[in-house]
Amino acid sequence: MRTAPFDTSWSLPPYVEHVGKSIRLVPTDPTRDSLELFVAGHTDSPEALWRYMTRGPFASEAEFRGYLEGLQGRDDWQPYTVRRIDDSAALGMLSVMRIEPRDGVAELGSIWYTPKAQRTATNTEAIYLLLRHLFEACEYRRVEWKCDSRNEPSAAAARRLGFTYEGCFRQHMISKGASRDTLWFAMLDGEWPEKKSHFERVLYSGESISLSALNATL
Numbered sequence: 001m002r003t004a005p006f007d008t009s010w011s012l013p014p015y016v017e018h019v020g021k022s023i024r025l026v027p028t029d030p031t032r033d034s035l036e037l038f039v040a041g042h043t044d045s046p047e048a049l050w051r052y053m054t055r056g057p058f059a060s061e062a063e064f065r066g067y068l069e070g071l072q073g074r075d076d077w078q079p080y081t082v083r084r085i086d087d088s089a090a091l092g093m094l095s096v097m098r099i100e101p102r103d104g105v106a107e108l109g110s111i112w113y114t115p116k117a118q119r120t121a122t123n124t125e126a127i128y129l130l131l132r133h134l135f136e137a138c139e140y141r142r143v144e145w146k147c148d149s150r151n152e153p154s155a156a157a158a159r160r161l162g163f164t165y166e167g168c169f170r171q172h173m174i175s176k177g178a179s180r181d182t183l184w185f186a187m188l189d190g191e192w193p194e195k196k197s198h199f200e201r202v203l204y205s206g207e208s209i210s211l212s213a214l215n216a217t218l
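First residue of the sequence shown? That's 1 in the UniProt record's numbering, and the numbers climb one at a time after it.
Right under this line is the structure:
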């Protein structure tokens, strides 16, 4: 751990497109994206998809577009539309959020995918692209992942992706009118080089190997 004082703060992460092997992350444009994303997120079991999100499901495309418009212009929140490279179909969303340039810290969250994109490499590559962006291009120190304590798939995903569990914040917030306990996970800049090699081995080497297995060895 660094003991010398930091004499500078960080800049906001550039809000730009990120291109991977099978997906690209495009800064969300409410006018362009809202209808396609609304349909993608509300066609198949929307109650299950949005259960642990702080917002949603939405009653109409107009309501959903209003939600997206409310995120525009915020310094602390950068939503991305996840699109498949082959046909540009919208697969879901994720965000760089709760951005704290003074401390070099950001969170990856507000993540959802269509049922067909779940349990594929989509989220793995999306998270890899944003971690690489934050740790390498932006030189941030810490990236967080938080989820409702009842959201077992999200907690399992955090561990599989290499985030370290840091504890449960009891009665952390009110979400959809109910008290929520929040699980906190994080990854640090010093941990990134090894985690990066695991991501790239799973995503791009052609080997049949589990990211969970690789990260369990740390």
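Quick reminder that beta carbons are idealized off the backbone N, C-alpha and C, glycines included.
Computed from a predicted structure; not experimentally measured.
Distance between isoleucine 174 and threonine 31 (C-alpha atoms, nearest Å): Between threonine 31 and isoleucine 174, the C-alpha separation is close to 30 angstroms.
Leucine 203 and lysine 21 closer than 8 angstroms at C-beta: Contact: yes.
Every unbroken beta strand (DSSP E) within the region 3-75, with a cutoff of 3 residues, ordered by chain: Fully contained in the region 3-75 are the following beta strand (DSSP E) runs of length 3 or more, in chain order: 23-27.
Helix, strand or coil for phenylalanine 163 per DSSP? Judged by DSSP in its simplified three-state form, phenylalanine 163 adopts coil rather than helix or strand.
Taking one C-beta from the region 42-50 and one from the region 101-109 each time, how about it: are there three or more such pairs within less than 8 angstroms? They do not touch, by the three-pair rule.
Spatial neighbours of phenylalanine 163 within its chain, please: C-beta separation below 7 angstroms, excluding the five flanking residues on both sides. Once the five neighbours on either side are set aside, the close Cβ partners of phenylalanine 163 are Trp145, Phe185, Ala186 and Met187.
Quick one: using the 10 Å Cβ neighbour count with 16 as the cut-off for buried, is tyrosine 128 buried or exposed? Buried, by the Cβ-count rule.
Consider the C-beta atom of glutamate 166 and the heavy atoms of the ligand ATP; say whether any pair is separated by less than 7 angstroms. For the structure depicted, the ligand ATP is absent and the ligand set is empty, with no information on it obtainable.
Can you tell me the Cα-Cα spacing of threonine 28 and methionine 93, whole angstroms? C-alpha separation (whole angstroms): 8 angstroms.
Contact check, threonine 81 vs alanine 89, beta carbons under 8 angstroms: Judged by beta-carbon spacing, alanine 89 lies beyond the 8 angstroms limit of threonine 81, meaning their Cβ atoms are not closer than that value.
From serine 95 to proline 79, what does the alpha carbon distance come to, in whole angstroms? Each residue's Cα considered, the two are about 4 angstroms apart.
Return helix, strand or coil for lysine 176, following the three-state DSSP convention. In the three-state DSSP reduction, lysine 176 falls in the coil class, being neither helix nor strand.
Excluding sequence positions up to five away, which residues of its chain have a Cβ less than 7 angstroms from the Cβ of glutamate 200? Excluding residues up to 5 positions away in sequence, nothing lies with its Cβ nearer than 7 angstroms to the Cβ of glutamate 200 in the same chain.
Can you look up threonine 124 in the DSSP assignment and give me helix, strand or coil? Threonine 124: helix per DSSP, three-state reduction.
Which residues bound the alpha helix (DSSP H) around tyrosine 80? No alpha helix (DSSP H) contains tyrosine 80, which is instead part of the beta strand (DSSP E) from 77-84.
Per DSSP, which residues does lysine 146 bridge with? Please list them. DSSP output for lysine 146 lists Trp184 as bridge partner(s).
Please classify alanine 216: does DSSP put it in a helix, a strand, or coil? DSSP places alanine 216 in helix when its eight states are reduced to three.
Is the separation between the beta-carbon of aspartate 75 and that of leucine 130 shorter than 8 angstroms? For aspartate 75 and leucine 130, no; Cβs fall outside 8 angstroms.
I need the boundaries of the beta strand (DSSP E) containing serine 95, first residue and last residue. Residues 90-100.
Best match in Glu17, Thr8, Arg84 and Phe169 for proximity to histidine 133 [C-alpha to C-alpha]: That would be Glu17, whose Cα lies nearest to the Cα of histidine 133.
Taking the C-alpha atoms as reference points, what is the distance between proline 193 and phenylalanine 169? In this structure, the straight-line span from the alpha carbon of proline 193 to that of phenylalanine 169 is close to 29 angstroms.
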